[in-house]
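Some notes on the structure that comes next.
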Amino acid sequence: MGAVSPLNALNRAFRNKAIADSPGQLLLVNPTPGQIGNLGLKWIEGPAALGLDMNLIKRVRMAETKELEFRMDAVNVLNHPVFGNPDTNINSLSFGRITTATGNRRFNIGVRLNF
201 MGAVSPLNAL NRAFRNKAIA DSPGQLLLVN PTPGQIGNLG LKWIEGPAAL GLDMNLIKRV
261 RMAETKELEF RMDAVNVLNH PVFGNPDTNI NSLSFGRITT ATGNRRFNIG VRLNF
């Protein structure tokens, strides 16, 4: 007797073209051709996006009217992934799954002369 992969079991669960709640009322179903579905806007929410950006600036006065500015900007300092929204296409095998993530840490360094 072979083991069942949870991923394969999940794929079989999402091959349905309609999703019903426990009493049997259809929640998500493909509308018939020419019809508009009844699902409202913003019904499905994705995960929250948490980001922490920082910058560091050092200004050095060279003369009364001139200064040199060193700047470092850091985007996504904590290096946490930012997950995308779930797939909302009911015909897709990845329906309801989050399949994208972005958000690597980035640093920008710059020097500017102000006069």
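As numbered in the numbering used here, the sequence shown has no gaps in its residue numbers, which increase by one up to the final residue, 315. A virtual CB, placed ideally from N, CA and C, is assigned to each residue, including glycine.
{"query": "On a Cα-Cα basis, can you pick out the residue from Leu228, Val311 and Pro223 that is closest to Gly296?", "result": "Leu228"}
{"query": "What is the rounded straight-line gap between the Cα of Asn304 and the Cα of Gly240?", "result": "33 Å"}
{"query": "Look up Ile309 in the DSSP assignment and say whether it is helix, strand or coil.", "result": "strand"}
{"query": "Taking the alpha carbon of Thr299 as the reference point, which residue from Asn276, Pro286 and Phe307 has its own alpha carbon closest?", "result": "Pro286"}
{"query": "Looking at the secondary structure, which residues open and close the beta strand (DSSP E) in which Met254 lies?", "result": "Met254 to Arg261"}
{"query": "According to the Cβ coordinates, are Gly251 and Asn291 closer than 8 Å?", "result": "no"}
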